[in-house]
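Engineer: So the protein lines, in turn, are chains U and L.
Position in the first sequence (from 1) plus 1 gives the number in the working numbering.
Position in the second sequence (from 1) plus 1 gives the number in the working numbering.
Note that beta-carbon positions come from the ideal geometry of N, C-alpha and C, so glycine has one too.
In this text the structure is predicted, and so the values were computed from the model without any measurement.
Just passing along the structure, written as structure tokens.
2 protein chains.
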Amino acid sequence: MKLIADNLRITKPMIREALKSRDTRPVQELVKRCAVQRPFALDVNTGPLGKNPEAEMRFFIAAVESVTTLPLLIDTSNPMAMRAGLEAAKNRVIINGFSLEPRKLEMILPLAKEFDADIVGFLLYPDSRVPKNEAERFEIALELMDKAERAGVARERVIIDPVVPPLAWTDGIVQARAVLNVIRTLPEVLGFAVRTIGGISNLGTGARDKAKRRLLEQSYVAMLASAGLDFALMDILDTALVQPARVSALLAKEEIFSWAMVPGPCEALPQDTKSAPINPNFKKG
Amino acid sequence: MKLIADNLRITKPMIREALKSRDTRPVQELVKRCAVQRPFALDVNTGPLGKNPEAEMRFFIAAVESVTTLPLLIDTSNPMAMRAGLEAAKNRVIINGFSLEPRKLEMILPLAKEFDADIVGFLLYPDSRVPKNEAERFEIALELMDKAERAGVARERVIIDPVVPPLAWTDGIVQARAVLNVIRTLPEVLGFAVRTIGGISNLGTGARDKAKRRLLEQSYVAMLASAGLDFALMDILDTALVQPARVSALLAKEEIFSWAMVPGPCEALPQDTKSAPINPNFKKG
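As structure tokens, this is what we get:
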């Protein structure tokens, strides 16, 4: 399980302000802080963006890439901004993402072919409803793969996001378990080693007690790793979550163990703010 | 996943000394401290015992039962001591346990029939070697069930212990994952909802760094819960492990979630040293 930083979000006032005023510095500082924690990639989440989405996206990507060579997930539902981001990016990019929503099938999915990029596919109905059970999720996954192939995108290019539900939903805990089972069994259902991605922060949406939220996230991230999740999106600066995630990844994946491989609790990482190199190993296995 | 306290161990000098000098007080004090943490049961581990194993076991059981009505796992490889414990116990008891070792098949397994008790069955070869992979574990599980039925013990009475390996073994991490898969798939292989039990402390055997050991145990206990483990043996006084275990159990089992169900981190439990009642619900489901 590789960790992807979800810290570069338009929902953060600091980022929103920086984009609005075209101020590079706060973006660079945040990227540097994230890079120190050695994520596999950075999710660049601009949301639908404002008046001039393409210019905003170009500015955002340039600001991020000025201090890192890490792969970027371009995370917007605006097809014009997505295209602008893909054109602007020099780092490796992943499109985040498409679903069965007609507008995304028509305007976002073809960009994966045009830019020869991996693309995240969400297990959601065309109207963004969340499926009710595992069977519905498998059906949607098959449909996403079918749509991708019809658009000239190899199914191996699609990274499935089964959409971690908030536990606060009436059946949130049942759905959270369904997501684990889908991650575990999807490769068998689809017949190839499909990669999966999941965001942790959704699980605790609505929690008022931060300590309880953290305990749940720590347990769930271990379950996700054990189920075979390939990419976990999380606040990479939240050491109390990142440490268990790394330890769980080690338990779930390594073939040989040594105590030296275990990151200590809240271990200080080297204060090296140079950007991490591109990881050429963006494959399942 | 229910928690079972493994604190009453002969390997602890305090317990060894109490048994030797027939001093009830230290045993009672420890049992009371454990009961406050509301385990499902207590594992009473006497090892092979000393000169007069039967008398020692009777004393140990009586000391424990003088302050609690919790179910007890009687944990000894000495058949005479096991019988003495079963005869002495007033609380509900579980025999811990048997394996394919001829002496245990002959002398321990029949006690499950005689005393109408559940019995733990270890996935080990007759010479106590640990199986190398999942297939070998399934074979041993089938053989254990066969031996149980031949001894007049219903297979539903057997609780399988797949034996959590130390990560420090050459292939410990691979075996630790095999144990998870065995727990997950054993009910399907055996064709009924077989219950499983696992001890957490074995995982970190040989670890010098306690903080790293704890991180690994926290992640692994979440994976065990997610795999469907029914009973987790652990140091019930180690809050930093018990809290994640309870949160993981909640994620793995509950049908309806509310934030109030989540134990807070290092939350003080009520200072009630009265013994917990017997849990009549010692069934899978």
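Can you round the beta-carbon distance between U/E256 and L/V175 to whole angstroms, since I take them to be within the 8 Å contact cut?
Structural biologist: Within the first sequence, residue 256 of chain U is the residue found at index 255, counting from 1. Within the second sequence, residue 175 of chain L is the residue found at index 174, counting from 1. Between L/V175 and U/E256 the Cβ distance is about 6 Å, and since that is below 8 Å, they are a contact.
Engineer: Any beta-carbon of chain L closer than 9 Å to the one on U/R17?
Structural biologist: Here residue 17 of chain U corresponds to residue number 16 of the first sequence, with the count starting at 1. Chain L, which has no Cβ nearer than 9 Å to the Cβ of U/R17, makes this no.
Engineer: Run through chain L and tell me which residues come within less than 9 Å of U/S22, C-beta to C-beta.
Structural biologist: Position 21 of the first sequence, counting from 1, holds the residue named residue 22 of chain U. Simply none; closest approach about 38 Å.
Engineer: Is the beta carbon of L/A177 less than 9 Å from the beta carbon of L/L204?
Structural biologist: Taking the second sequence and counting its residues from 1, the one referred to as residue 177 of chain L is at position 176. Taking the second sequence and counting its residues from 1, the one referred to as residue 204 of chain L is at position 203. Their beta carbons are under 9 Å apart, which means L/A177 touches L/L204 by this criterion.
Engineer: Quick one: does U/V175 have its CB under 9 Å from some CB of chain L?
Structural biologist: As a position in the first sequence, residue 175 of chain U is number 174, starting the count at 1. So yes, U/V175 belongs to the interface.
Engineer: Could you tell me which uninterrupted alpha helix (DSSP H) segments, each at least 4 residues in length, are contained entirely in the region 198-228 of chain U, listed from first to last along the chain?
Structural biologist: As far as the region 198-228 of chain U is concerned, its whole alpha helix (DSSP H) runs of at least 4 residues are 211-228.
Engineer: So which of L/L230, L/A212, L/A208 has the shortest CA-CA distance to L/G200?
Structural biologist: Counting from 1 along the second sequence, the entry for residue 200 of chain L is found at position 199. Per the Cα distances, L/L230.
Engineer: Between U/A223 and the rest of its own chain, which residues show a CB-CB distance below 7 Å, the 5 nearest in sequence each way excluded?
Structural biologist: Locating residue 223 of chain U in the first sequence gives position 222, counting from the first residue. Within the same chain, U/A223 has close Cβ partners P245, S249.
Engineer: Just mark U/A85 as buried or exposed, buried being the case when its beta carbon has 16 or more other beta carbons within 10 Å.
Structural biologist: Counting from one through the first sequence, the residue named residue 85 of chain U turns up at place 84. Its Cβ being crowded by 16 or more others within 10 Å, U/A85 is buried.
Engineer: Who are the near neighbours of L/P54 in its chain, counting only those whose CB is closer than 8 Å to its CB and skipping five residues on each side?
Structural biologist: Within the second sequence, the letter at position 53 stands for residue 54 of chain L. Cβ neighbours of L/P54 beyond the five flanking positions: T47, T77, N79, M81, A82, A85.
Engineer: Would L/I96 and L/I75 be called neighbours here (beta carbons separated by less than 9 Å)?
Structural biologist: Walking along the second sequence from the start, residue 96 of chain L turns up at place 95. Walking along the second sequence from the start, residue 75 of chain L turns up at place 74. Closer than 9 Å, so yes.
Engineer: Given that a residue counts as buried once 16 or more other Cβ atoms are within 10 Å of its Cβ, and exposed if not, what is U/A226?
Structural biologist: Against the first sequence, residue 226 of chain U aligns to sequence position 225. U/A226 should be labelled buried.
Engineer: Using a beta-carbon distance below 9 Å, is U/D172 in contact with chain L?
Structural biologist: Position 171 of the first sequence, counting from 1, holds the residue named residue 172 of chain U. Taking Cβ atoms only, chain L reaches closer than 9 Å to U/D172, which makes this a yes.
Engineer: At 4 residues or longer, what runs of the alpha helix (DSSP H) sit wholly inside the region 54-90 of chain U?
Structural biologist: Runs found: 54-66, 80-89.
Engineer: Got a sec, what are the start and stop residues for the alpha helix (DSSP H) U/R26 sits in?
Structural biologist: Here residue 26 of chain U refers to the residue found at position 25 of the first sequence. Looking at the DSSP string, the run of the alpha helix (DSSP H) that includes U/R26 is 25-37.
Engineer: Just the Cα atoms here: how many angstroms apart are L/L71 and L/R34?
Structural biologist: Here residue 71 of chain L refers to the residue found at position 70 when the second sequence is read from its first residue. Here residue 34 of chain L refers to the residue found at position 33 when the second sequence is read from its first residue. The straight-line gap from Cα to Cα measures roughly 13 Å.
Engineer: Can you give me the C-alpha to C-alpha distance between U/A64 and U/S129, rounded to a whole angstrom?
Structural biologist: Here residue 64 of chain U refers to the residue found at position 63 of the first sequence. Here residue 129 of chain U refers to the residue found at position 128 of the first sequence. The alpha-carbon atoms of U/A64 and U/S129 are separated by roughly 31 Å.
Engineer: Just to confirm the assignment, what range does the beta strand (DSSP E) spanning L/A42 have?
Structural biologist: Sequence index remark: in the second sequence, residue 42 of chain L carries index 41 (1-based). Looking at the DSSP string, the run of the beta strand (DSSP E) that includes L/A42 is 42-46.
Engineer: Pick from U/I184, U/L31, U/P163: whose alpha carbon is nearest that of U/S1?
Structural biologist: The structure shown has nothing for residue 1 of chain U, since chain U only spans 2 to 286.
Engineer: Which two residues bound the contiguous beta strand (DSSP E) that contains L/I237?
Structural biologist: Within the second sequence, numbered from 1, the residue matching residue 237 of chain L stands at position 236. Per DSSP, L/I237 belongs to no beta strand (DSSP E) and is neither H nor E.
Engineer: Examine chain L for any beta-carbon lying closer than 9 Å to the beta-carbon of U/E256, and answer yes or no.
Structural biologist: Here the question's residue 256 of chain U lines up with position 255 in the first sequence. Closer than 9 Å to some Cβ of chain L, the Cβ of U/E256 qualifies, so yes.
Engineer: At least one CB of chain L closer than 9 Å to the CB of U/L181: is that the case?
Structural biologist: Numbered from its first residue, the first sequence carries residue 181 of chain U at position 180. U/L181 counts as touching chain L.
Engineer: For the region 221-234 of chain L, which residues have a CB atom closer than 7 Å to at least one CB atom of chain U, in sequence order?
Structural biologist: Cβ contacts with chain U come from Y221, A223, M224, S227.
Engineer: Suppose you measure from the CA of L/E102 to the CA of L/K52; what does that come to, to the nearest Å?
Structural biologist: Residue 102 of chain L sits at position 101 when you count from the first residue of the second sequence. Residue 52 of chain L sits at position 51 when you count from the first residue of the second sequence. Near 23 Å, if we compare the C-alpha coordinates of L/K52 and L/E102.
Engineer: Starting from U/P163, find everything on chain L with Cβ-Cβ shorter than 8 Å and list it in chain order.
Structural biologist: In the first sequence, the residue the question calls residue 163 of chain U occupies position 162. Neighbours of U/P163 on chain L: none; closest Cβ ~15 Å, over 8 Å.
Engineer: Which value, in whole angstroms, describes the spacing of the CA atoms of L/A179 and L/L168?
Structural biologist: Here residue 179 of chain L refers to the residue found at position 178 of the second sequence. Here residue 168 of chain L refers to the residue found at position 167 of the second sequence. Answer to the nearest angstrom: the Cα atoms are 12 Å apart.
Engineer: Taking L/L110 as the reference, give the member of L/M146, L/A212, L/R138, L/P14 with the closest Cα.
Structural biologist: As a first step, residue 110 of chain L is located in the second sequence; it is residue number 109 there, counting from the start. Minimum Cα distance to L/L110 is reached at L/M146.
Engineer: Could you give the distance in angstroms between the alpha-carbon of L/F193 and the alpha-carbon of L/E150?
Structural biologist: One-based indexing of the second sequence puts residue 193 of chain L at position 192. One-based indexing of the second sequence puts residue 150 of chain L at position 149. About 14 Å.
Engineer: Pull up the DSSP beta-bridge partners for U/A330, would you.
Structural biologist: In the structure displayed, chain U extends from 2 to 286; residue 330 of chain U sits before or after that span and is not available.
Engineer: Give the range of the beta strand (DSSP E) segment to which L/N97 is assigned.
Structural biologist: For the purposes of this step, residue 97 of chain L is identified with residue 96 of the second sequence, where counting begins at 1. 94-99 is the span of the beta strand (DSSP E), which, as asked, contains L/N97.
Engineer: Does any CB atom of chain B fall closer than 9 Å to the CB of L/R214?
Structural biologist: The structure shown contains no chain B; the protein chains it does contain are U and L.
Engineer: Check each candidate in L/R214, L/V263, L/R247 and name the one with the smallest Cα separation from U/S259.
Structural biologist: For the purposes of this step, residue 259 of chain U is identified with residue 258 of the first sequence, where counting begins at 1. Answer by Cα proximity: L/R214.
Engineer: Quick check on L/D44: buried or exposed, where buried means 16 or more other Cβ atoms within 10 Å of its Cβ?
Structural biologist: For the purposes of this step, residue 44 of chain L is identified with residue 43 of the second sequence, where counting begins at 1. Answer is buried; the Cβ neighbour count reaches 16.
Engineer: Under the three-state reduction of DSSP, which class applies to L/G192: helix, strand or coil?
Structural biologist: Here residue 192 of chain L refers to the residue found at position 191 when the second sequence is read from its first residue. If DSSP states are grouped into helix, strand and coil, L/G192 belongs with coil.
Engineer: Between which two residues does the alpha helix (DSSP H) carrying U/D128 extend?
Structural biologist: Taking the first residue of the first sequence as position 1, residue 128 of chain U is located at position 127. That residue, U/D128, is in no alpha helix (DSSP H); it is neither H nor E in DSSP.
Engineer: Rounded to a whole number of angstroms, what is the C-alpha to C-alpha distance between U/A142 and L/T69?
Structural biologist: For the purposes of this step, residue 142 of chain U is taken as the residue at position 141 of the first sequence. For the purposes of this step, residue 69 of chain L is taken as the residue at position 68 of the second sequence. Distance between the alpha carbons of U/A142 and L/T69: 53 Å.
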